[in-house]
RNA sequence: GGUCCCGUAGCUCAACUGGAUAGAGCGGCGGACUUCUAAUCCGCAGGUUGCAGGUUCGAGUCCUGCCGGGAUCGCCA
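In my numbering, the protein residues as written are 73 to 658.
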């Protein structure tokens, strides 16, 4: 149950009462009213801005309206105090008997507590990674991979029907370069001297096994052949090998996407979907032949003023119209991408999310313009940009030079520190802020390392469960009967603070989900872990606050219910982030 | 030059899409271990939210203009 959503219903009801009593005009439109936890707990449990937001419509001073509303809300049996503060905030204090219902709810729902129906089963498509299939994933891909995967899990938890997708760029010049590189390795495998790998080719050793495989499969049959003959064959097989590599890399982070969508299939399928999409747009007058002005500020050396096929992107908010055909007559990447998003829409996705790297920021407007055009305004595309990750080792930057080919691969990072720290740290920052990743810090066992801190809280909860059995051998968290617990025994300030934090989880899920910001869950878990560690330590100073009290079974049960609820929420949150909730620190 | 993102404590970052006295961690200082694992906790110090205007009951958040950092700029993907 989302306490705040639940309570805003009561506020709406109170407003209706005021309308019926003639205090408020009957045609008043309730909008912008929120029910949220106040920043300062001293202000109570729930705060609403209703009086301030509605004052103008009600033609009443906010404080006066607040008085009237407060009087109605005070009659609620779960409310023990209502006061008005500042410009017209209404602060509501819930009865102590109310809070335990949150725990009852957690214990009944367990791993589903906090899940939401705001998605209402609507289909949403999340596309992420989509790296060129020309080699293993490197560290630059990690963030988008983890982000997309966590966002998908979050949306799933919020009631959306999620499909995850990887767009395979298997149609451009880069996969031709891959094919040529693989062909060299093929010749090498057959004993030929190949010398240096030329500029613009892929020099990595990872193509050697591909060459050997090709040699094994084709023998010498492709050696004398013309490039036009061997290229499509080698290209297809090299791409397959690269995708196998990439899927393996993703699997090491626990990522498995639903669909790998081939760019080439758009053109080489039964119908040319790119041409089809362009035709659709042309019929609606959105395509024309024309010239583009050169970019302002600096004109490229090889600028050639020529007429080309353009999409009227400016009609949908873009800065310039965009080219769809290259000078050699093939489609631009953008043209295929429009067709791809059109295809997503036709497959039933009104909601699309693309996760891109920072270097594609300049591409957002045109893609959103294209989606607007191709879906006639029905589809929505949100593009999440992931900023760069900087690697450090013990505070020292890790040097990488892309030219020399010695970039750090995704696999190297995962192999060194494990998937959990990688995933958590990639989500412990807003996606559009740059992120520092330190190989040493992320495996440290200290508060400085949030991964550990949260994991430790979960493990500590399980340590309590183990210790409980020594005093009450049959007292297990999973055998507690939620309705029989004496939860009113939980009354210390620290316990209630933890309880209030647990009560906020559903709200955090919904807010993260609406904003497409999974990092909020990571921050929430860090705070929840902090509350739990804090309560734990209070038990050292005040033994009567310890979770296990041999002389009082009812109290112990109530506290185990609290600890168990904490563990459930930690586990649910971690599951969305894709991090294992461990039960023991080794 | 155009466009997009970012400027918040000494450092790294939050701030629930416009709410009350802007919060955490690190670092600094001072405390708590015969432990339900101190792998943790408690307290103190630290701010003109880059600058200047505007919008309104109310702005770190929205609008405009500057300053500073990053990304990108017909046919690459």
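C-beta: ideal position from N, C-alpha, C; glycine also.
Note that the structure is predicted; figures quoted are calculated from it, not measured.
| Check | Outcome |
| --- | --- |
| Going by DSSP, what residue range makes up the beta strand (DSSP E) through residue 454? | 452–458 |
| Going by the beta-carbon positions, is the gap between residue 209 and residue 590 smaller than 8 Å? | no |
| Roughly how many whole angstroms lie between the Cα atoms of residue 539 and residue 128? | 59 Å |
| Could you pull out every residue in the same chain whose Cβ sits closer than 7 Å to the Cβ of residue 630, ignoring the five residues on either side in sequence? | 557, 558, 559, 561 and 562 |
| Helix, strand or coil: how does DSSP classify residue 507 here? | strand |
| List the DSSP bridge partners of residue 416. | Paired residue(s): none; residue 416 is not in a bridge. |
| At what residues does the alpha helix (DSSP H) containing residue 317 begin and finish? | 299–323 |
| For the alpha helix (DSSP H) holding residue 255, just list the boundary residues, first then last. | 245–261 |
| Inspect the beta-carbon positions of residue 211 and residue 463 and report whether they are closer than 8 Å. | yes |
| What are the start and end residues of each continuous alpha helix (DSSP H) run of 4 or more residues lying completely inside the region 479–538, in chain order? | 482–489 and 491–498 |
| At 3 residues or longer, what runs of the beta strand (DSSP E) sit wholly inside the region 152–234? | 161–166 and 195–199 |
| Please identify the residue among 552, 281 and 638 whose C-alpha is closest to the C-alpha of residue 569. | 638 |
| Mark residue 289 as exposed unless 16 or more other C-beta atoms lie within 10 angstroms of its C-beta, in which case mark it buried. | exposed |
| Is the separation between the beta-carbon of residue 433 and that of residue 458 shorter than 8 Å? | no |
| Rounded to whole angstroms, what's the CA-CA distance from residue 475 to residue 502? Just pull it up for me. | At residue 475, the pLDDT of 49 sits below 50, so the modelled position is not reliable; the number obtained from the coordinates is stated separately. About 29 Å. |
| State buried or exposed for residue 518, treating a residue as buried only when at least 16 other CB atoms are found within 10 Å of its CB. | exposed |
| Please classify residue 597 as buried or exposed, where buried requires at least 16 neighbouring CB atoms within 10 angstroms. | buried |
| Checking 8 Å against the spacing of the C-beta atoms, do residue 286 and residue 301 come in under that value? | no |
| Compute the Euclidean distance between the alpha carbons of residue 333 and residue 514, then round it to the nearest angstrom. | 34 Å |
| Where does residue 214 land, buried or exposed, given buried means 16+ other C-beta within 10 angstroms? | buried |
| Hey, how far is the Cα of residue 124 from the Cα of residue 133? | 8 Å |
| Do you know offhand how far residue 611's Cα is from residue 624's? | 15 Å |
| Measuring only the C-alpha atoms, how far is residue 410 from residue 204? | 18 Å |
| Sort 328, 313, 260 and 350 by Cα distance to residue 295 and report the nearest one. | 260 |
| Could you give the distance in angstroms between the alpha-carbon of residue 183 and the alpha-carbon of residue 658? | 25 Å |
| Ignore the nearest five residues each way along the sequence and tell me which others in residue 553's own chain have a CB closer than 7 Å to its CB. | none |
| Give me the Cα-Cα distance between residue 382 and residue 392, rounded to the nearest whole angstrom. | 10 Å |
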